[in-house]
Amino acid sequence: MKIVSCYSIFLIFNLVFLSKSVTITNIINGVEHKIGSALGFQVSSSSNMNCFYETIESGNILSISLNVVNMESTNIQFRVTSPSASFSEWYKGIQYAVYDGIAEESGDYEVCTLAYVGTQPVTLALTILSYSSTKLNEENTLKQPPNPSEILSERINTISGKIFQIYANTRLSNLMIKKDEKVQESNLNYLNTSTIIQTCFIIFCSMTQVYAIKKLFEVNSRKVRI
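Listed below in structure tokens is the structure:
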């Protein structure tokens, strides 16, 4: 989803580490407006449905995406429900699912997620964005005709916003997979220890068998009679 960039508008990403979420806001002429949230969470069962709520204004552009972070080829889906429940639809995908539309009502929209879970929990990243293109267009009309320096400034702001978004998503993904990396490291240490013990046991058994067979076929010259 493309966010219109206008003069004196830039994006601020507040990282909330305790809840593993990112709050996305923008500032227009010194006034801060929330335009969305990015959430990270784990699903341990295919029947486990997680629901989240976001306050959306009528007429706003609404974009929702759901991504799988820690594995590939996973079936996922999410449901978007309007405040009055007059709109309620499921959106499905493999590894990635997305919805783009216009909010017809004002209020708390419900987003519920489901994922197919195999042998290990699935880590999901949910992003909900909502903004008013009308307000951004009105802000553009208040500007004087742009000059080359203003055009360059706009492009720099756009690039900066995208860089911040990439950083926020990367940071969120690192937070979500950090726990998985620790578990994998612990499993690797356990596997290495088990392999060493098993190897030592096999070597000991082999040496014992060789010694027993050697003793079995050993000829004692003192006992040999002609």
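As numbered in mature numbering (1 follows the signal peptide of the UniProt record, and there is no 0), residues -21 to -1, 1 to 205 make up the sequence shown, in order. For glycine and all other residues, C-beta sits at the position ideal for the given N, C-alpha and C. Computed from a predicted structure; not experimentally measured.
Residue closest to residue i, alpha-carbon to alpha-carbon, out of the options
i, options, result
"ILE73", "MET186, LYS193, LEU103 and LEU108", "LEU103"
"TYR78", "THR2, ALA17 and SER42", "SER42"
"SER63", "ALA17, GLU83 and CYS184", "GLU83"
"VAL22", "GLY38, VAL47 and LEU108", "VAL47"
"THR92", "VAL189, THR172 and LEU45", "LEU45"
"SER37", "VAL101, THR187 and ILE81", "ILE81"
"SER16", "VAL90, THR178 and LYS193", "VAL90"
"VAL1", "LEU105, GLU51 and ASN29", "LEU105"
"MET50", "GLN99, ALA191, ASN168 and GLU133", "GLN99"
First through last residue of the beta strand (DSSP E) which encompasses residue i
i, result
"ASN27", "Neither: ASN27 is in no beta strand (DSSP E) and is coded neither H nor E."
"VAL47", "40 to 47"
"THR53", "From DSSP, THR53 is part of no beta strand (DSSP E); its letter is neither H nor E."
"GLU89", "86 to 94"
"VAL68", "Note on identity: in this sequence residue 68 is Glu, with Val being the wrong assignment. Segment 67 to 73, the beta strand (DSSP E) holding GLU68."
CA-to-CA distance, residue j to residue i, given in whole angstroms
i, j, result
"GLU33", "SER67", "15 Å"
"THR137", "GLN163", "38 Å"
"PHE31", "ILE176", "48 Å"
"ASN166", "SER24", "21 Å"
"TYR95", "ARG58", "15 Å"
"GLY97", "MET186", "43 Å"
"ILE181", "SER26", "44 Å"
"LYS71", "SER65", "20 Å"
"PHE(-5)", "TRP69", "Residue confidence for PHE(-5) is low, a pLDDT of 33 falling below 50, so the modelled location carries little weight and cannot support an answer."
"CYS184", "SER173", "16 Å"
"LEU18", "TYR169", "32 Å"
Residues that residue i bridges to, as DSSP identifies them
i, result
"THR106", "ALA17 and SER44"
"PHE57", "TYR70 and THR92"
"GLY80", "LEU41"
"ILE35", "GLY86"
"VAL101", "VAL22"
Residue i and residue j closer than 7 Å at C-beta
i, j, result
"TYR110", "ILE3", "no"
"ILE35", "TYR88", "yes"
"ALA76", "ILE107", "no"
"VAL101", "THR60", "no"
Closer than 6 Å: residue i CB and nearest the ligand ADP heavy atom
i, result
"PHE180", "Judged by which ligands are present, the structure shown has none, so any question about the ligand ADP falls away."
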